[in-house]
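*Asks:* Pasting a structure below so you can have a look.
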Amino acid sequence: MRGLANDGGLFNPVLIPTLDRNLFNSISDFTFHEISYLIASKFIEEEVVPDKLFEIIIDAINFPAPLEQLDDSTFILELFHGPTLAFKDFGARFMARMMEHFAKDLDKELNILVATSGDTGSAVADGFYEREGIKVYILYPSGMVSELQEKQLTTYGKNITALEVEGTFDDCQTLVKQAFVDKDIRKRINLSSANSINISRLIPQIFYYFEAYKQLERKSGNILVSVPSGNLGNLTAGLLAKKMGLPITKFISGTNSNDVFTKFIKTGKLEIKKTIKTYANAMDVSNPSNLARIIDIYSNDIEAIRRDIYSASFSDNEIIIGMQEVFEKFNYIIDPHGSVGYLALKNFVTENNIKDYEGVVIETAHPVKFSEVIQRVKISKLKIPENLIEIIHKEKNSIRISKEFEEFKVYILNL
Ligand SMILES: *Cc1c(COP(=O)(O)O)cnc(C)c1O
């Protein structure tokens with residue numbers, strides 16, 4: 256419920272639980288929900304009773320994570336079958352139901368503030384929609400999100416309010432931060448945040464690495480998993496899966512031109528640069544918050560990190576070439592983020608001359624979310640998922656506010 260620890264640091268498990276070896280031999284006997292329950296209960300069985308936890312998992316993860324095969328050694332784990340078409344649905348839906356469960360014990364309604372540049376906001380809106388005892392306020396920069404993203408933020412209604420800020424994403428974030436430290440607000444309003452560093456978003460992301468392993472027919476003993484990376488939450492969840500016993504040989508972390516993590520793996524040093532806008536925009540991050548967790552999981556040992564993780568970065572031009580190649584070779588339309596994952600896997604196996612392996616590329620979003628980029632690739636027409644067609648026809652509903660904190664404060668205090 257707190258998100259951040261009192262010293263401003265991130266929560267990380269003190270002990271990473273392991274799963275029984277037998278599970279890996281009989282994993283195909285388990286459903287996705289059963290595997291998810293086994294994993295979650297290892298972390299939080301003392302907090303949530305078994306029946307409730309199972310119920311939350313079934314309700315949160317009401318969509319599959321299918322593994323598509325491209326050739327003998329290349330697979331795509333599709334994580335975009337949730338309501339907002341990106342993997343963030345796993346984390347946001349699970350976190351929302353967990354918070355609803357614990358909000359029952361609060362005497363005041365819980366108000367969630369979240370600033371978004373697009374994708375996080377829609378996953379959070381969907382996740383918290385109709386959760387009892389919780390209201391969500393999404394701040395987004397007016398005119399700076401795509402039309403589809405805006406519809407995904409502004410058409411829920413009920414306990415979800417979209418605040419259209421006359422400013423940039425940074426202005427939105429500043430308003431949220433100011434609200435959290437404002438004494439009057441703190442005194443009167445029960446505030447929480449739903450940002451991506453909440454540990455309850457990482458736990459459900461562990462589930463699908465096991466689900467991917469289950470779906471591999473031949474488990475060669477040389478499994479490579481390639482994760483398109485930004486804030487490194489998805490990669491961290493994968494590393495936790497490996498620490499829990501999942502037999503993955505190597506993680507491959509693809510970055511776009513914001514290559515801070517790739518450089519970190521090479522040099523062991525963190526050099527924060529200015530964020531660059533790229534085609535894989537959900538990975539436009541220059542100070543990845545989950546890096547602190549990775550360093551902690553590996554007890555500050557850069558050599559140990561290098562043994563488990565390879566990283567490579569790709570320009571916009573290469574991202575387009577990757578999308579084109581995947582379409583021409585396999586007749587599969589991959590999104591710009593998935594393209595980074597595909598290219599990073601290819602780099603790793605080529606550089607190291609690896610022949611016998613199973614390579615799983617994590618596909619983080621549905622390509623339809625990035626139609627502006629797709630237009631640059633010569634491919635056949637994309638099929639638009641039905642729930643999107645529905646959203647496009649809904650009426651936008653937002654409250655316009657300026658970027659002045661005093662105005663925002665009055666609004667919050669009148670909630
Ligand atoms: C958030 C996001 C990413 C980056 O994931 P991290 O966990 O921040 O590394 C990659 N692709 C898409 C589509 C995303 O929405």
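Sequential numbering of the sequence shown, starting at 256, is according to the numbering used here. By construction, the Cβ of each residue, glycine as well, lies at the ideal position given by its N, Cα and C atoms.
In whole angstroms, give me the CA-to-CA distance for Gln428 and Val369.
*Replies:* 8 Å
*Asks:* Helix or strand or just coil, what does DSSP make of Gln579?
*Replies:* helix
*Asks:* Using DSSP with H/G/I as helix, E/B as strand and the rest coil, what is Tyr395?
*Replies:* strand
*Asks:* Just to confirm, is the Cβ distance from Val515 to Lys528 under 8 Å?
*Replies:* yes
*Asks:* Taking 6 Å as the limit between beta carbons, can you name the residues of its chain near Ile560, skipping five residues before and five after?
*Replies:* Once the five neighbours on either side are set aside, the close Cβ partners of Ile560 are Tyr553.
*Asks:* Measuring CA to CA, which of Tyr468, Glu613, Tyr392 is closest to Gly500?
*Replies:* Tyr468
*Asks:* Please report the residue range of the beta strand (DSSP E) in which Pro483 lies.
*Replies:* 478-483
*Asks:* Could you check which residue in Met350, Ser372, Phe582 has the C-alpha nearest to that of Gly386?
*Replies:* The sequence given here places Arg at residue 386; Gly does not occur at that position. The shortest C-alpha separation from Arg386 is found at Met350.
*Asks:* Let's test the definition: count the other Cβ atoms within 10 Å of the Cβ of Arg456 and tell me whether it reaches 16, buried, or not, exposed.
*Replies:* buried
*Asks:* Is it buried or exposed for Gln630, if we count other Cβ within 10 angstroms and need 16 for buried?
*Replies:* exposed
*Asks:* Based on Cα-Cα distance, which residue from Asp426, Ile454, Glu302, Val632 lies nearest to Leu259?
*Replies:* Measuring from the Cα of Leu259, the nearest candidate turns out to be Ile454.
*Asks:* Between Pro321 and Glu472, what straight-line distance do the alpha-carbon atoms span, to the nearest angstrom?
*Replies:* 13 Å
*Asks:* Would the region 258-276 count as touching the region 483-501 if we require 3 or more Cβ pairs under 8 Å?
*Replies:* Flag = yes, the region 258-276 and the region 483-501 touch.
*Asks:* Does DSSP put Ala260 in a helix, in a strand, or in coil?
*Replies:* coil
*Asks:* Flag this pair as yes or no: are the beta carbons of Lys651 and Val420 separated by less than 8 Å?
*Replies:* no
*Asks:* What is the DSSP secondary structure of Phe357, counted as helix, strand or coil?
*Replies:* Of the three classes helix, strand and coil, the one that applies to Phe357 here is helix, per DSSP.
*Asks:* Can you round the beta-carbon distance between Val623 and Ile575 to whole angstroms, since I take them to be within the 8 Å contact cut?
*Replies:* In fact, because the Cβ distance is near 17 Å, the residues do not count as touching under 8 Å.
*Asks:* Check Asn366 in the structure and name its three-state DSSP category.
*Replies:* strand
*Asks:* Residues bridged to Val390 by DSSP?
*Replies:* Residue identity differs from the one stated: residue 390 is Lys in this sequence, not Val. DSSP, once it has assigned bridges, lists Asn366 as partnering Lys390.
*Asks:* Are the beta-carbon atoms belonging to Ser481 and Gly596 less than 8 Å from one another?
*Replies:* yes
*Asks:* Helix, strand or coil, according to DSSP, for Phe660 in the structure here?
*Replies:* Note: Phe660 maps to helix in three-state DSSP.
*Asks:* When we look at the beta-carbon of Lys505 and count the other beta-carbons within 10 Å, is it buried (16 or more) or exposed?
*Replies:* buried
*Asks:* For the alpha helix (DSSP H) that Lys438 lies in, which residues bound it at each end?
*Replies:* 438-443
*Asks:* Does DSSP classify Ala535 as helix, strand or coil?
*Replies:* coil
*Asks:* Given this structure, state the Cα-to-Cα distance separating Gly337 from Asn586, to the nearest angstrom.
*Replies:* Linking Gly337 to Asn586 through their CA atoms gives a straight-line distance of about 23 Å.
*Asks:* What are the complete beta strand (DSSP E) segments, minimum 3 residues, inside the region 572-627?
*Replies:* 613-618
*Asks:* Quick check on the DSSP output: the alpha helix (DSSP H) that includes Ile313 runs from which residue to which?
*Replies:* Per DSSP, Ile313 belongs to the alpha helix (DSSP H) from 305-315.
*Asks:* Return the CA-CA distance between Glu671 and Gly388, expressed in angstroms with no decimal places.
*Replies:* Because the chain in this structure spans residues 256 to 670, residue 671 falls outside the shown range and cannot be described.
*Asks:* Rounded C-beta distance between Ser568 and Thr530? I'm assuming under 8 Å.
*Replies:* At roughly 14 Å, the Cβ-Cβ gap does not stay under 8 Å, so Ser568 and Thr530 are not in contact.
*Asks:* In the DSSP assignment, the beta strand (DSSP E) including Ser401 goes from what residue to what residue?
*Replies:* That residue, Ser401, is in no beta strand (DSSP E); it is neither H nor E in DSSP.
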